[in-house]
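My numbering applies: residue 1024 is where the sequence shown begins, and numbers increase by one. C-beta atoms are modelled at their ideal positions from N, C-alpha and C, and glycine is treated no differently.
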Amino acid sequence: MDEREMIGRVGRREALKRALFGAAGAALMGRGLADAQTAGRPKPAVAPTAKAKAVIQIWLWGGPPHLDTFDPKPEAGRDYCGPLNQPINTNVPGIRISQLLPLLAQQADKYSLIRSLTHGNNGHETAAYILQTGRQPNDRLVYPCIGAIVSKFRGYEGGYVGLVPPYVVLTQPQGRFDEAGFLGPRYKPFATGGDPNGQRFVVEGVVSGDITDDRQRSRRELLHSLDTLKQLLPQNPQAAKLDTTETKAYDMILGDAGKLFDLSQETNQLRTQYGRNTFGQSCLVARRLVAAGVPYVTINNGGWDTHKEHFQTMNWKLPQLDQGLATLLQDLADHNLLDSTIVWCSGEFGRTPRVSWEAPWNGGRHHYGDCFSVLVAGGGFKGGQVVGASDAKGEHPAERPVSPQDLLGSMCELLGADPDGPLPNPRGLDVKLMPPDQDPAKGAGRLNEIM
């Protein structure tokens, strides 16, 4: 069946919707509907002097090992450090990191390490929820994650006017929890799908691997030639809205917005520097997106749930992380974006300090939420610092425990939002942007020493 026959069978209006509105068009239509639904509701205040304008979250789904990345413990012996027993010095005296992260070792002046993050939960979904919302799960409300919050006060209600949604995930959603929570579907991330390391980055609803740009233009002309309804009702407000949405959707597909995902516009040298793999090229896309004003970008990098043969996996995962993240930090700095862009790198928890050498694990590490590490950089966070410390075996915070709400609240402050201010919600409850620590004795508050 050719395109004209298809249009005849399903009707002009349905054909227009199918041709125009993939994920991009749906996002635009949903945005317009939500604008009408939320008009007049209170908006979170954003300080005009905020240091940070955007966030790049590098999410190491599954749980990266703190002892093999940012908190090495060679003195603890083989049962804790395994073969990674030769940590290297960084360009900041006194800070050592994994021997498999040599490029990041030369960028330590650009980032700080938190070595005492703790929440105590060892379940993937629950730990991810806690770390990204700062809340414990309960039956009363499902809270939004930090990406949804930023897309609210820095995106839709903060003057953002880009066609790309203000919260983007490269390339797949982060897990089995509702990122938007009670804020609703408008604040869910736009997951690109596709592979930025492919011959063409096929972004869901924006780029098709089978349809050229010329054919997209031909389809648009064909649809216009058949759309007599618009000619008969030139003043119809619904038709006018459809025209506006169509224009925006095609700008995402064929205009400057769609070009944000086109890595062929970057030099081969830079792409190689990032690493010609999905993670490295995702880091490059993230830099392009924040340069265009997108306020929150998540790079969802899986494969860190290493219960079995952990060190074999680290031998290829850590070099990829090293190359992509180190190049991202330098590239942001070269584009004068690092001072206004928060970069944070973490999983939902760490991994057990003690290695399980026995079968069937054969040198595995398991889930561990009692103590783990996070890297933060840019957007007002100082570089070359270490916050907190774990004990001699990396099992518990030894000093300056940091809770998820301490971390997220600090980000909110740098982004110009008061973490103690209101977070509007559909039930009209008195809910703060971030909760206070339930047990102040276990935490030391926000990260003022590196802000």
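{"Check": "For Trp1327, which residues in the same chain have their Cβ closer than 6 angstroms to its Cβ, ignoring the five residues on either side in sequence?", "Outcome": "Leu1083, Gly1085, Gly1086, Pro1087, Gly1370"}
{"Check": "Would the region 1291-1305 and the region 1316-1326 be scored as touching if the rule is three or more Cβ pairs under 8 angstroms?", "Outcome": "yes"}
{"Check": "DSSP three-state label for Pro1420, please.", "Outcome": "strand"}
{"Check": "Using the beta-carbon count (16 or more within 10 Å), is Glu1180 buried or exposed?", "Outcome": "buried"}
{"Check": "Taking only the alpha-carbon atoms, compute the straight-line gap between Val1399 and Gly1146 and give it to the nearest angstrom.", "Outcome": "24 angstroms"}
{"Check": "Nearest CA to the CA of Tyr1166: which residue from Ile1137, Val1454, Gly1105, Leu1352?", "Outcome": "Val1454"}
{"Check": "I need the straight-line Cα distance from Ser1413 to Ile1111, nearest angstrom please.", "Outcome": "18 angstroms"}
{"Check": "Given this structure, state the Cα-to-Cα distance separating Gln1428 from Glu1422, to the nearest angstrom.", "Outcome": "17 angstroms"}
{"Check": "Taking the straight line between their C-alpha atoms, what separation do you get for Trp1380 and Leu1090?", "Outcome": "16 angstroms"}
{"Check": "Given a cut-off of 8 angstroms on the beta-carbon distance, is the pair Tyr1134 and Gly1402 in contact?", "Outcome": "no"}
{"Check": "Let me confirm a value: Pro1458 is counted as buried when at least 16 other C-beta atoms fall within 10 Å, else exposed. Which label applies?", "Outcome": "buried"}
{"Check": "Under the rule that 16 or more other beta-carbon atoms within 10 Å means buried, what is Thr1290, buried or exposed?", "Outcome": "exposed"}
{"Check": "Using 8 angstroms as the threshold, is the region 1436-1450 in touch with the region 1110-1127, meaning 3 or more CB pairs across them?", "Outcome": "no"}
{"Check": "Since Pro1196 contacts Phe1213 with CB under 8 angstroms, what's their CB separation in whole angstroms?", "Outcome": "Contact doesn't hold; Cβ gap of about 10 angstroms is too wide."}
{"Check": "Measure the C-alpha to C-alpha separation of Thr1329 and Gly1387 and round it to an integer number of angstroms.", "Outcome": "6 angstroms"}
{"Check": "With DSSP as the reference, label Pro1479 as helix, strand or coil.", "Outcome": "For the chain, the structure presents residues 1024 to 1474; residue 1479 sits outside this window and is missing."}
{"Check": "For Gln1109, count neighbouring C-beta atoms within 10 Å of its own C-beta (all shown protein chains included) and say buried if the count is 16 or more, exposed if not.", "Outcome": "exposed"}
{"Check": "Could you check whether Phe1334 and Gly1105 sit closer than 8 angstroms to each other, using their CB atoms as the reference points?", "Outcome": "yes"}
{"Check": "How close, in whole Å, do the beta carbons of Gly994 and Ser1139 come, if the pair is a contact with beta carbons under 8 angstroms?", "Outcome": "Since the first residue of the chain shown is 1024 and the last is 1474, residue 994 is not available in this structure."}
{"Check": "Can you check which of these residues, Asp1393, His1419, Arg1294, is closest to Gly1143 by C-alpha distance?", "Outcome": "Asp1393"}
{"Check": "Within a Cβ cutoff of 8 angstroms, which residues of the same chain sit near Arg1478, ignoring the five residues on either side of it in sequence?", "Outcome": "Here the chain has residues from 1024 to 1474 only, and residue 1478 is not among them."}
{"Check": "Under the rule that 16 or more other beta-carbon atoms within 10 Å means buried, what is Ala1131, buried or exposed?", "Outcome": "buried"}
{"Check": "Along the chain, which unbroken stretches of the alpha helix (DSSP H) at least 4 residues long are found entirely within the region 1078-1124?", "Outcome": "1101-1104"}
{"Check": "Which full runs of the beta strand (DSSP E) of 3+ residues lie inside the region 1295-1325, going along the chain?", "Outcome": "1319-1324"}
{"Check": "In the DSSP output, what is Ser1174 paired with across the bridge?", "Outcome": "DSSP lists no partner for Ser1174."}
{"Check": "What does the alpha-carbon distance come out to for the pair Ala1467 and Gly1221?", "Outcome": "45 angstroms"}
{"Check": "For Ala1150, report the span of its alpha helix (DSSP H) as first-last.", "Outcome": "1147-1156"}
{"Check": "Can the beta-carbon of Val1485 be found closer than 8 angstroms to that of Ile1081?", "Outcome": "Since the first and last residues shown for the chain are 1024 and 1474, residue 1485 lies out of range."}
{"Check": "Ends of the alpha helix (DSSP H) at Ser1433?", "Outcome": "1427-1437"}
{"Check": "Compute the Euclidean distance between the alpha carbons of Asn1506 and Gly1373, then round it to the nearest angstrom.", "Outcome": "The displayed coordinates of the chain run from 1024 to 1474. Any statement about residue 1506 would go beyond what the structure contains."}
{"Check": "Going by the DSSP bridge assignment, what does Thr1364 pair with across the sheet?", "Outcome": "Ala1077"}
{"Check": "Identify the continuous beta strand (DSSP E) that holds Gln1408 and give its terminal residues.", "Outcome": "1408-1410"}
{"Check": "Roughly how many angstroms separate the alpha carbons of Leu1351 and Arg1310, rounded to a whole number?", "Outcome": "7 angstroms"}
{"Check": "Would you report the Cα separation of Leu1293 and Val1409, rounded to the nearest angstrom?", "Outcome": "30 angstroms"}
{"Check": "Using a 10 Å radius around the Cβ and a threshold of 16 neighbouring Cβ atoms, would you call Thr1156 buried or exposed?", "Outcome": "buried"}
{"Check": "How long is the line joining the alpha carbons of Lys1282 and Glu1098, rounded to whole angstroms?", "Outcome": "50 angstroms"}
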